Amino acid sequence: MSDFNTGVIEQFRTNDGQVGAPFEGRPMVLVHHVGARSGEERVTPLVYLPDGERIVIIASAAGAPRHPAWYHNLKANPTVTVEVADGKGNVETWSGVAEEITGAERDELYARQVEVMPGFAGYEDKTRGVRTIPVFAVTRAA
Numbered sequence: 176m177s178d179f180n181t182g183v184i185e186q187f188r189t190n191d192g193q194v195g196a197p198f199e200g201r202p203m204v205l206v207h208h209v210g211a212r213s214g215e216e217r218v219t220p221l222v223y224l225p226d227g228e229r230i231v232i233i234a235s236a237a238g239a240p241r242h243p244a245w246y247h248n249l250k251a252n253p254t255v256t257v258e259v260a261d262g263k264g265n266v267e268t269w270s271g272v273a274e275e276i277t278g279a280e281r282d283e284l285y286a287r288q289v290e291v292m293p294g295f296a297g298y299e300d301k302t303r304g305v306r307t308i309p310v311f312a313v314t315r316a317a
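Now the structure itself:
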């Protein structure tokens, strides 16, 4: 795990889901997922988009030409545990299932994320013609 992610995770857990720049004031989630090849648990801090009873996470990798490692992990093992912060100091932990969203619904959710965090538009520009940035919805496990 990168030093950056380690620092964000520590801030999240120390400050009841609150983190500093560049995610200050944004709803954050720690996604616990299983490595597709290693089988080991990983934890990835991500901003999320609230969407009713589910949360939406986007595999932008800040506009990198390849999907982030966690994308492959969720595709192989969609069962996750999340520590969800609402941006107001409340954190809840629950089990869920991640599903990749495609087509018009993917485009609508991505556009909503751009409205909230305009930097996501730049990520899409950087990946145009290289890859379509995946969008996942995580719902509570039954």
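Residues 176 to 317 in my numbering are what the sequence shown spells out, letter by letter. All C-beta atoms in this analysis are idealised placements derived from N, C-alpha and C, irrespective of residue type, glycine included. Since this is a predicted model, take the numbers as computed values, not measurements.
Secondary structure of residue i, DSSP reduced to three states
i, result
"Ala244", "helix"
"Val194", "coil"
"Arg201", "coil"
"Thr181", "helix"
"Arg315", "strand"
Sub-8 Å separation of residue i and residue j beta-carbons
i, j, result
"Asn252", "Thr219", "no"
"Gly238", "Tyr298", "yes"
"Trp245", "Arg281", "no"
"Leu221", "Val206", "yes"
Cβ shell of residue i (< 6 Å), same chain only, five flanking positions each side left out
i, result
"Ala273", "Leu249, Pro253, Val255, Phe311, Val313"
"Val259", "Val204, Glu267"
"Ala296", "Val289"
Contacts around residue i, its chain only, beta-carbon distance under 8 Å, and the 5 residues preceding and following it disregarded
i, result
"His125", "It is not possible to answer for residue 125, since the shown part of the chain is limited to 176 through 317."
"Tyr285", "Ile233, Phe295, Glu299, Ile308, Val310"
Other residues of its chain near residue i: CB distance less than 7 Å, five sequence neighbours each side excluded
i, result
"Gly271", "Val255, Val257, Val313, Thr314, Arg315, Ala316"
"Arg229", "Ala312, Val313, Thr314"
"Val194", "Val183, Gln186, Phe187, Met203"
Subject >> Length-filtered (3 minimum) beta strand (DSSP E) runs lying within the region 203-267 >> reply: Counting only runs of 3 or more, we get 203-209, 216-222, 224-226, 229-233, 254-260.
Original post:
At what residue ranges does the region 272-297 contain a whole run of the alpha helix (DSSP H), taking only runs of 4 or more?
Top reply: Restricted to the region 272-297, the alpha helix (DSSP H) segments that are unbroken, complete and at least 4 residues in length are 278-291, listed in chain order.
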